[in-house]
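Read the structure below first, then the notes.
In our numbering, the protein residues as written are 1073 to 1219.
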């Protein structure tokens, strides 16, 4: 993992908004750390769709992107009913892996400015349906240039 996610939303070409559900909060009233991963996944899937490569088409072509590493840096807690922008950009790309950087910002609480809640990086390896490692589709490098 070599990505260092930026704290500037302008460095990300795409964002997906999620609303925190009550069921995602813990006894302290904040989002449990495990719930951040589905937020990242939802944003990543929407990013690919927006870039013209919906995940279901990728799977139809016999390729999956397995998550091989995850890092999340928590800065501010997310709470029930917060609107959260999950900003996404492609990071380092090799022949068989790519990294995705994320910035999670809480949209205006009580009329204020967006607040950085977390940063994250996921590393993905291309695999066949049987789970064998394979090369990344060529269009991934185009996404790297697009970002």
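For every residue, glycine included, the Cβ atom is placed at its ideal position computed from N, Cα and C.
- Three-state secondary structure (DSSP) of residue 1091: strand
- Query: Over what stretch of residues does the beta strand (DSSP E) that includes residue 1173 continue unbroken?
  - Reply: Going by DSSP, residue 1173 is part of the beta strand (DSSP E) stretching over 1169 to 1178.
- residue 1212 versus residue 1165: straight-line alpha-carbon distance, rounded: Using only the alpha carbons, I get a separation of about 8 Å.
- Query: Does the beta-carbon distance from residue 1146 to residue 1160 come in below 7 Å?
  - Reply: no
- Query: Excluding five sequence neighbours on each side, which residues of the same chain lie with their C-beta closer than 8 Å to the C-beta of residue 1098?
  - Reply: 1104
- Query: In three-state DSSP terms, what is residue 1157?
  - Reply: Strand at residue 1157.
- State the Cα-Cα distance for the pair residue 1100 and residue 1148, rounded to the nearest angstrom. Roughly 14 Å separates the two Cα atoms.
- Message: Between residue 1206 and residue 1195, how many whole angstroms is the CB-CB distance? I'm expecting something under 8 Å.
- Response: 16 Å between Cβ atoms; not a contact.
- Query: Which residues mark the beginning and the end of the alpha helix (DSSP H) in which residue 1118 is found?
  - Reply: 1108 to 1122
- Same chain, Cβ closer than 8 Å to residue 1168, neighbours up to 5 away in sequence not counted: 1197, 1198, 1205, 1206, 1207, 1208
- Message: For residue 1076 and residue 1176, what's the separation of their Cα atoms in angstroms?
- Response: Answer to the nearest angstrom: the Cα atoms are 14 Å apart.
- With a CB to CB cut of under 6 Å and the five nearest residues on each side skipped, what residues in its chain are close to residue 1154? So the qualifying residues of the chain are 1092, 1178.
- Query: Is it right to say residue 1142 is buried, meaning 16 or more other beta carbons lie within 10 angstroms of its own, or is it exposed?
  - Reply: Around the beta carbon of residue 1142, fewer than 16 other beta carbons lie within 10 angstroms, which makes this residue exposed.
- Message: Based on DSSP bridge pairs, tell me the residues matched to residue 1196.
- Response: 1139, 1170
- Query: Which word fits residue 1079, buried or exposed, when buried means at least 16 other C-beta atoms lie within 10 angstroms of its C-beta?
  - Reply: exposed
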